[in-house]
Structures are given as structure tokens and as C-alpha cells.
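Peer 1: Residue numbers (the working numbering), protein chains in the order written: chain F, 1 to 402; chain W, 1001 to 1306; chain Y, 2001 to 2295. Glycine included, each C-beta is placed from N, C-alpha and C at the ideal position.
(1) Can you tell me where the alpha helix (DSSP H) with residue 399(F) in it begins and where it stops?
(2) Around the Cβ of residue 1002(W), are there at least 16 other Cβ atoms within 10 angstroms (buried) or fewer (exposed)?
(3) Among 2015(Y), 2019(Y) and 2014(Y), which has the Cα closest to the Cα of residue 2257(Y)?
(4) Could you check whether the Cβ of residue 1059(W) sits closer than 8 Å to any Cβ belonging to chain F?
(5) Along the region 277–303 of chain F, where does the CB come closer than 8 Å to a CB of chain Y? Name the residues.
(6) Roughly how many angstroms lie between the CA atoms of residue 36(F) and residue 104(F), to the nearest whole one?
(7) Count the other CB atoms within 10 Å of the CB of residue 2052(Y); is the residue buried (16 or more) or exposed (fewer)?
(8) Could you tell me the alpha carbon to alpha carbon distance between residue 1279(W) and residue 1013(W), rounded to whole angstroms?
(9) Mind checking whether residue 305(F) and residue 101(F) have CB atoms under 8 Å apart?
(10) Name, going along the chain, the residues of the region 1107–1121 of chain W whose beta-carbon falls closer than 8 Å to a beta-carbon of chain Y.
(11) Residue 272(F) CB to nearest chain Y CB: under 8 Å?
(12) In terms of residue numbering, what span does the alpha helix (DSSP H) encompassing residue 315(F) cover?
(13) Specify the secondary structure class of residue 1015(W) as computed by DSSP and reduced to three states.
(14) In the DSSP assignment, find the alpha helix (DSSP H) that holds residue 96(F) and state where it starts and stops.
(15) Just the Cα atoms here: how many angstroms apart are residue 238(F) and residue 2126(Y)?
(16) Do residue 1295(W) and residue 2109(Y) come within 8 Å of each other at the CB atom, strictly closer than that value?
(17) Starting from the C-beta of residue 1945(Y), find all residues in its chain whose C-beta is less than 6 Å away, skip the five residues before and the five after it, and write them out in chain order.
(18) Is the distance from the Cβ of residue 117(F) to the Cβ of residue 133(F) below 8 Å?
(19) Secondary structure at residue 1001(W), three-state DSSP: helix, strand or coil?
(20) Between residue 2110(Y) and chain W, is any beta-carbon pair separated by less than 8 Å?
(21) If the criterion is Cβ atoms closer than 8 Å, does the pair residue 25(F) and residue 95(F) meet it?
(22) Would you verify that the beta carbon of residue 1287(W) is, or is not, closer than 8 Å to some beta carbon of chain Y?
(23) Please go through the region 2045–2118 of chain Y and give each complete alpha helix (DSSP H) segment of 4 or more residues, from N-terminal end onward.
(24) Measure the beta-carbon distance from residue 167(F) to residue 196(F) and round it to whole angstroms, keeping in mind my assumption that it falls under 8 Å.
(25) Out of 253(F), 249(F), 235(F) and 210(F), which one is the CA nearest neighbour of residue 224(F)?
(26) What residues from chain F crowd round residue 1055(W), counting only those whose CB sits closer than 7 Å?
(27) Starting from the N-terminal side, write out each stretch of the beta strand (DSSP E) that is 3 residues or longer and does not extend beyond the region 2129–2193 of chain Y.
(28) Give the range of the beta strand (DSSP E) segment to which residue 279(F) is assigned.
(29) Report buried or exposed for residue 381(F), applying the criterion of at least 16 other Cβ atoms within 10 angstroms of its Cβ.
(30) Put residue 90(F) into one of helix, strand or coil per three-state DSSP.
(31) Work out the CA separation of residue 191(F) and residue 161(F) for me, nearest whole Å.
(32) Return the chain-ordered list of same chain residues with a C-beta closer than 8 Å to the C-beta of residue 70(F), the five sequence neighbours on each side being excluded.
(33) Under the DSSP definition of a beta bridge, which residues are partnered with residue 167(F)?
(34) Since I believe residue 1080(W) is in contact with residue 1217(W) (beta carbons under 8 Å), could you give me their beta-carbon distance rounded to a whole number of angstroms?
(35) Give me the DSSP bridge partner(s) of residue 122(F).
(36) Compare the C-beta of residue 210(F) with all C-beta atoms of chain Y and state if any pair is closer than 8 Å.
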């Protein structure tokens, strides 16, 4: 923070480095992993995302290719003002070229804006709001991993089709919760279901009793949990206390991660159905990744967010290598023009609106007896092909789409 | 007083030259918080009233300004004026309620009022709740000065800060300020001398709140964001910390305190929760052994008021 | 399904129950604060952190030493109360001759330290703490499901609150306490060790907070921030009840919890602010609080 402006130093390095490094700012590709390091989303992204980024840089072979890549990280504490301050400082005075991860949609939207203003690059893995490729889309932003539309369409329509046709929502009261609730309500109505009401709760709520009571009182067949991480875990745990499932209602976790299942335990979580875009036990490549990842993350297996950071960093570095530049807008354009291929998400591509396309998976949590090893939690019910998993490009209202 | 003029000159020189070496956005944050703390100090240091809810002024003005600039398209100077005006109105309304009590009760009432406002802002749609009001435009000051240029923005903030600082200085050393100090020393005596002490305290409270609002309004334009952090009670605690460390009842104390605390927070940010621990430790140490604060100790050393 | 005022009974009684539970915590915490304020004239901002310490004590006792809930109800308050007495002896004692505001600032700083240290260690999310085996499950009362543990919370809080009130108002020890509040010098002249009484009183108030924390652990999850926002509501409760009035804090604590619960049913948007609104109204009409006396 108190460094002298590196202008003179950068020019000298640039002139000395010659050829390949000529247009990489400061001679270093600096990657910033911004996540929730200490609160309710820390297990979903957090230090695991930093580990994933490091693995991606190693696997890319930056050192052998003569590219200098540095990784910095920060905790945005789920606050947009903290996140945008960090982003601003990173871009202005710390020489960061691209920001990765950022769970918590309100922070992601703020970072999205700062990145656009400064002409850098932002590859979102953690945040969910589909607005990032909709009305807030930007030529400097790529939305990897998943979004609220994918969740709504995957989980929502599956549940409605099996008879869950009246819904009540318990929603986290910020950008993500609102987007997820909105997208799911659309799906429910499109499939002939009814929405009986919703209640909003503050982010990081410990006590869901009064919200669950209201859901119970609505007599909806399905209580949709439009929240994530610690909030979802608490909602599900406390629902048991109030006899919600005993009373004949079912909970629908609209955004659930493997770390949540780990926190809940299979006894409580069995039977939950939801949508993810990555599972460590899908194929040999994902299994190999998980085996390497876990020791670097305190034994915890990768969530789809952390997998998204890995894949995003890989694709970003490939684009920088091809362009020989880390100019944000140009690199993102290059990322869109290059088809993606990584061991975790397979082959895919990035659309004009910044949306990364890959298949999604409808999974069901195993019963305790069915689980044969650590983190053996899911049965994959169906695979949703990439072109159906995400919102059609023309429906998003993104100004970049012609 | 000469030494105060020297101190003032040093302060101006610092803020004029520092941006060449330090990150300007960081310095603008220091200036906003310094103004916030100076306004707060007017109330506690010279009026003897500890307001534990001052964040409500910072935040209200921030939201008002952000909304005016983004949704109504106000140019920055009008948006800031509007935000400050809202803080003033809030000061009048809450002051009428809070001034009835003093000491600890006053502190608790201001805390509770601020918390009430926090929950209101949490739910009100126009504030955007957890998302805050984002992408606030910087605009063109007076129609021609483009504030997205960092140097224009910096000079604007510096002018606002120094203007607010001088206003507070004038208030402190005016007859009004003298009566205020008298009330702080011995209210019963001031009453017996015929002063309407309630009115003086009320005016001090409104002035303090208004200038705190000015700081919040300016901050919203600089950071292009208004969020719940600015109305949370931890922000109220922070301004108390800054003033306590800098020196309550001194003119320059809050500025020094802001510089130290904001620097510390920036520097220690990667250590996460340790920042809170350090803040708490500073509180404890200051209350037990360092009550005069940084500038207070310096003033005590040179035997002249600062 | 039966309805009262257009609200299904299940929702109404459910929220009333939650209101009573919240009220139990408000009562326990404001009681502790009132006791401390009555004798020491200090607003103990650390109260929320001490509540959190009680919960963490229970958590650590269970996870590190295998000591269960029932023991924790006794041990945790003792440990945290003892810590409180250390704080009083080392730090608060020096502030009695100063402006009372310094006590507020010191305890605020201590709260930040305690909460920060725990947040560093445990992050901001909650740690799970299981409900004691004997208290799990719920009873179907027909108009609602009554979780047994939550019913226990209400009963236990009521018992402790009334016991405290009894000791302070009706016993000799309590009489010494009340006398020392009014005129410490005179009471000291009678041979009563007033400073020690003060220390013990502070310890007792803190122990009450820790007790509330242990009871809260299974319901609210053990998290470093659990006391932070709660304490401000409790301040409002104390202001409404009247600082220093024991019965006042108990009655207002439970009463406001119920009012908050009812507001959640009929007008949920105001549920967070209703207590503060009542505080403003009380201040306008009876500045000393509902049960307080003009000091």
C-alpha cells in the first residue's frame, strides 16, 4: 500500500524483459483471489479457493513458460464496501490484473463495477446472481461455475415435476437471495405451480425459528430455501426441531454445496435434491484433482466454487499466454474466443454475455448406508446438457448481446 | 494562537504532499473520517456528551447523497448538500429526544436510536439492504470539474475537510463554544448564570450531526457506494475510538486519531479479526493509562492547547 | 384450522413461544446489567461478550473435556464469573473515581477484544452445540409443535430471575447490597467489606450472562458475534425497565420479548425496531423508565 508508484520500475522491467513480457503490466501477472475467508461462505470458497488457484498456476506450468504469476488474497467479509475497496486498491496500487472467486453476489456486483471502470478482468466463481450475465453484464467479466437461473431450472423444475407444486420461500435478503427467489418463482409458475409467499432473513442468521414458523403456517408443500452456506445449514437443522417434515412439508435446498452436506451429516441431509455443476466423484480426472486438493485444504474435498476457481485461472492464463498481454478487456475477449477444456468441467465455451457453459448435474444425497467413503455423498440423477442448463443468451437483457 | 496555526499549516502541508507518495484514495478516506471525528469531538470533547450512535449521521447522509446522485441525477455538490441536510434534520429530531438525558443515559439513547435506524435501513428498499447503493456516479462538480479524475476528487475532499475543520474551530473558540465548555464543566452553575443549557447542548448536537453528515456524504461520492457498514454500531464505536486515541477535547486530536486508526486498519486488514482485537486493546489502554490521547499528550508536554 | 385475529393459531402460538424465549434471554441479560449498574454505576458493555463466553465455555467443555450440558450450566457461569471478577479487580476498580463514561468505553473495548479473539479462532459462523439428550424432541400440542428444549429455557430463566430477585430484595445479603448501592461509605463504616461485595456482584452479574449463554448454545449456535447485536437490544430493555430496578428488568425483559413475537406475526417488518420504538415512547413519557425511580 505504501509502495511508490511502480511506473519507473515497470518500464525498466518491461524494456529489459523484451519479447514475451513486453505487454504484461509490471512484468508480473498478478491474480487476486477475493473470498469470504472467515464467515458463512468460508468453506464454500475461502482459503480453498486460494489453494485451487495455486494448483492451477502450478499445473499451467507458468514457471517453465517463463511467465511470472503471483497470487494475493483477501477477505471481503461479505460486505460490498470492503470488497470494492479491496478491488480498487488492488487495481490502483497493487498491480493486480484479475480478480477471482468472490462469493456473495452483492460484493460481486460491486467488484464487477470497479473492474469495468478500471479495465481489468473479473472471473466470478462463487457468486450466483444471474444478473452478472444479465443486466449487469460487462465486457470485463466472466461468470463461471453456476448461477441462480441454473439452480432454479435444475432443482426447481425437477421438484415441481414430481408433485411439489406449492412453494413458500425463505430467502436471504440480498442480491443473491432475491435473484434465486425470482428465478425459481418463474420456473415454478412456468411448470404450473403456485407461489404462496416468501419471507426474507438477514444474511448470516443464526435463528430461523420465526421464519420456519411462517413457512409452516403457509401450508406450502415445498419450502424453498433461497439461501446458502451457513444459512442453509441452520434452516435445515432447525426445521427438524419444529417438525416441519413430520408435518408433511418438504425442504428444497436451492443452493447446496458438498461442504454443507459435510456440515449437516448424511442423517439430516439424506434425500435432498439439488443442482451442482461439479462433483469430485464424476470421473477419473475430477477424482485425481480431489485427491491432490484435499491435503491442501485441511482434508476437505473441493466444492464446485473452488473447482471453478481452478478452471477459471487455467483458462485465464492460457488467454494471457496467447495474447502476451494482461489487459483486462482483451484477455476476457480472448477467453470468449477460445473454447475451454479443463480436467474439471470438460469441454465448454464462454458466451458473449460472459456466461461459461458446461453441463449441470441433478444430484440426490445418499442415505448413510449408501456412502462408502469420505465425501461419498451424492448420487447423480441426471446430467443437464450445457445448452439447456443456462438461461438462453437473448433472455438475459445483456447489452453486449447483439 | 501561533502554535495552533503552525499545527494547522503542518496538517495542510501533509495532506497537500502526501498524495504524491501515498495512495490518494486512502488519504481521502482519512480526511472523511477525520472530519467525522472532529464533528464527534465537538460534542464529547467540548460539550461533554458521549453519543454512541453517531454512525446514524454518517450513514443517513451517505444513503441520501448516493440516492440523490444515482437515482435523481443530482450533480455532486447538490447531492452532498442534500445528504448533509438530511443529517441535519436527523440531528434535530433525535436531538430533541436525546438531550433530555445526560451522561450514560444519553449514550444509551443515542446507541438505541442509531440501532433503530440501522434496522430501518436494512429493510428499506431504497438503500439496497446488504447490497447497498452501488455505482454512485461521481459527476461533474459545479458542472465542469470531472470528479472521476482522482486529483479533482482529492482537492474537493480536501477543501470540504479543511472547511469543516475550520468551521468547528470557529465554533469552539466562539462565545457559543465557551458556554458549551462551561456547561461541560458544571452545568448547574451555567444554568444559574442564566444560560439555557438545553438549547446550547441541542445546538451543539445538531451541528455535530450535520458535519458528521457532511463527512458521510462526501465519502459516498468518493467511494461511489453507500452501505450498511456506515450505519452499523461498530462504526459508531470506531469514531469514539478515533477521537479517544487522538485526544478528546483537543482540536487536532481527531485528525491524528483518524490517521493512526485508518492506517492501522489498512495495514492489518489481511489479519482479519485481529483488527478488532487491536481496536479493543487501544480502547482499554487509552481509558486506563492514556486518557489524554496522542495530541492531548503533546499539548500537555508543550503546555499549550492543541 | 382455527384462527385468531385472522392469524392461524399455529403461527400465533409459535411466535408467542419464540417471543417468550427471546424474552427469557432479554430478562436474564438485563437482570445482570441492572444488578451491575445498580451497584457499580457502570454500563457493562462486555455483557454481550460474556454471554458469548458462557456459550463457548459450554462448547469447549463438551468438545475438549466431554463435559455435558448439565454440568456446563454450573461450570461455565463459575468460570466466566471468575474472569469477570478478575476484570473488575484489575481494571474497573481504577475507573470508579472517574466519569462513568470511561467505564462504558473500557467495557466496550474489552468486548471488542474478546469477540475479536474468538472470531479469529472460530470465524463468524456458528459452531454446532447439541441439545442435551433429555431435552430433545418436541411435543405435539395440537395447535403447535412445542420443542421441549425451548420450553425448558423459559422455565429455567424464570426460576433464576425470580431467585435473584428474591435474594436481592428479601434476604439480608440483598439488603447489604442495596444499602451499599445507596451509601457505600456508611455501609463500609459498619464493617462490611464493600469493595469485595462490589467484585462479587460484578462476578454474579457476569455469571448470569454466561448462564444465558449456555442456555442459548443449543438454539442459536455458538458464534463469536452472538452477543454483539443482542446487547444493544438489552440496553434498550434496561432503559425501558428503568436502570437498577430488578423486578423491572425481569418484567420488561419477558414482556418485550412477547411484544416482539406478536409484532412478528402481525407486522413483521417492524419486529426488529419495535423495542427501540417503545424505548423512545417511554423516554418521552417516563424518562426514568417504567419501574425506575428518579435518580
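Peer 2: Looking at the atomic coordinates:
(1) Residue 399(F) -> no alpha helix (DSSP H), and no H or E assigned at all.
(2) exposed
(3) 2019(Y)
(4) No, residue 1059(W) does not count as interfacial toward chain F.
(5) none
(6) So the alpha carbons of these two residues sit roughly 8 Å apart.
(7) buried
(8) 28 Å
(9) yes
(10) 1107, 1108, 1109, 1111, 1112, 1113, 1115, 1116, 1119 and 1120
(11) no
(12) Start and end: 304–323.
(13) helix
(14) Per DSSP, residue 96(F) belongs to no alpha helix (DSSP H) and is neither H nor E.
(15) Between residue 238(F) and residue 2126(Y), the C-alpha separation is close to 13 Å.
(16) For residue 2109(Y) and residue 1295(W), no; Cβs fall outside 8 Å.
(17) Since the first residue of chain Y shown is 2001 and the last is 2295, residue 1945(Y) is not available in this structure.
(18) no
(19) Reduced to three states, the DSSP call for residue 1001(W) is coil.
(20) yes
(21) Against a cut-off of 8 Å, the Cβ pair of residue 95(F) and residue 25(F) comes out as a contact.
(22) yes
(23) 2047–2065 and 2069–2090
(24) 7 Å
(25) 253(F)
(26) Here the premise fails: no neighbours, minimum Cβ distance about 13 Å.
(27) 2138–2140 and 2145–2147
(28) No beta strand (DSSP E) holds residue 279(F); DSSP gives it neither H nor E.
(29) Label assigned to residue 381(F): exposed.
(30) helix
(31) 7 Å
(32) 28, 29, 30 and 31
(33) 195(F) and 222(F)
(34) 4 Å
(35) 99(F) and 141(F)
(36) yes
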